[in-house]
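J.: Below are the structure tokens for one structure; questions will follow.
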Amino acid sequence: MSRLDSFIRRMTAQRDILNHVCVEVAKTEGPVIELGLGNGRTFNHLRERLPGRRIVAFDRKLAAHASSIPDADNLVLGEIRETASTFVGIEAALVHADIGTGYEDRDAVTLTWLPDLSARLLRPGGIAVSGLPLEHPQLQQLPPPPSVPADRYFIYRRV
Ligand code: SAM
Numbered sequence: 136m137s138r139l140d141s142f143i144r145r146m147t148a149q150r151d152i153l154n155h156v157c158v159e160v161a162k163t164e165g166p167v168i169e170l171g172l173g174n175g176r177t178f179n180h181l182r183e184r185l186p187g188r189r190i191v192a193f194d195r196k197l198a199a200h201a202s203s204i205p206d207a208d209n210l211v212l213g214e215i216r217e218t219a220s221t222f223v224g225i226e227a228a229l230v231h232a233d234i235g236t237g238y239e240d241r242d243a244v245t246l247t248w249l250p251d252l253s254a255r256l257l258r259p260g261g262i263a264v265s266g267l268p269l270e271h272p273q274l275q276q277l278p279p280p281p282s283v284p285a286d287r288y289f290i291y292r293r294v
């Protein structure tokens, strides 16, 4: 599969999974945590799907399209491992983590802290969606919607 095909499949999976979980997240109290604002595409999508919901977005630097920049109160710049730790207890309804790099060694380092951080940001019953698998005793894996291959993007419920 070419990198273009792979990219299209990843974006399609991301959109389908976000649409899938937003139905439930819309009925759950709590903010949304966007780990990896990047260009702001998924932030923009979540804002559209969850109107009025607080979305706090994190990245090491601002590189989003001008149409997709959170207000200053909800944009946190720096290393997510440190910055998002100060939000533990926020009782998020959704944590969306899109910080995989495609490099196994770098992602392995991220996976030493991301699962626990995600679990601690969520309220019980809250949902985590991630491009990297999140193995954690408090995160129960849920099946993806039928259009998404099982190992492409991952969904969990905080028990
Ligand atoms: N979901 C975004 C979108 O739709 O535009 C794309 C996110 S992009 C794939 C990943 C982003 O996460 C990059 O902007 C990168 O700077 C940020 N990132 C990755 N690891 C990070 C870390 N440990 N701390 C802060 N930012 C990080």
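Residues 136 to 294, numbered by the numbering used here, are exactly what the sequence shown covers, in order.
Even for Gly, the Cβ is constructed at its ideal location relative to N, Cα and C.
As the structure is a computational prediction, the values presented were derived from the model and not from experiment.
Pairs of beta-carbons, one from the segment 169-189 and one from the segment 199-210, closer than 8 Å: are there three or more?
T.: Flag = yes, the segment 169-189 and the segment 199-210 touch.
J.: Any chance the segment 228-244 sits against the segment 255-269, with 3 or more Cβ pairs inside 8 Å?
T.: Touching, yes.
J.: From the DSSP output, in three-state form, read off residue 190 for me.
T.: Residue 190: strand per DSSP, three-state reduction.
J.: In this structure, does DSSP put residue 160 in helix, strand or coil?
T.: In this structure, residue 160 counts as helix in the three-state DSSP scheme.
J.: Can you name the start and end residues of the beta strand (DSSP E) that residue 195 belongs to?
T.: Unbroken run through residue 195: none, as it is neither H nor E.
J.: Could you compute how far the alpha carbon of residue 137 sits from the alpha carbon of residue 189?
T.: So the alpha carbons of these two residues sit roughly 37 Å apart.
J.: Just curious, the beta strand (DSSP E) that residue 231 is in, first and last residue?
T.: Note, residue 231: beta strand (DSSP E), 227-232.
J.: Does the beta-carbon of residue 238 have 16 or more other beta-carbons within 10 angstroms, so that it is buried, or is it exposed?
T.: With fewer than 16 Cβ atoms within 10 Å of its Cβ, residue 238 is classed as exposed.
J.: Of all the options 262, 212, 253, 266, which has the alpha carbon lying nearest to the alpha carbon of residue 285?
T.: Nearest option by C-alpha distance: 266.
J.: For residue 142, count neighbouring C-beta atoms within 10 Å of its own C-beta (all shown protein chains included) and say buried if the count is 16 or more, exposed if not.
T.: With fewer than 16 Cβ atoms within 10 Å of its Cβ, residue 142 is classed as exposed.
J.: Using a threshold of 8 Å, state whether the C-beta atoms of residue 214 and residue 241 are closer than that.
T.: It is not a contact, given that the beta carbons lie outside the stated cut-off.
J.: Output the boundary residues of the beta strand (DSSP E) element that contains residue 215.
T.: That residue, residue 215, is in no beta strand (DSSP E); its alpha helix (DSSP H) goes 215-218.
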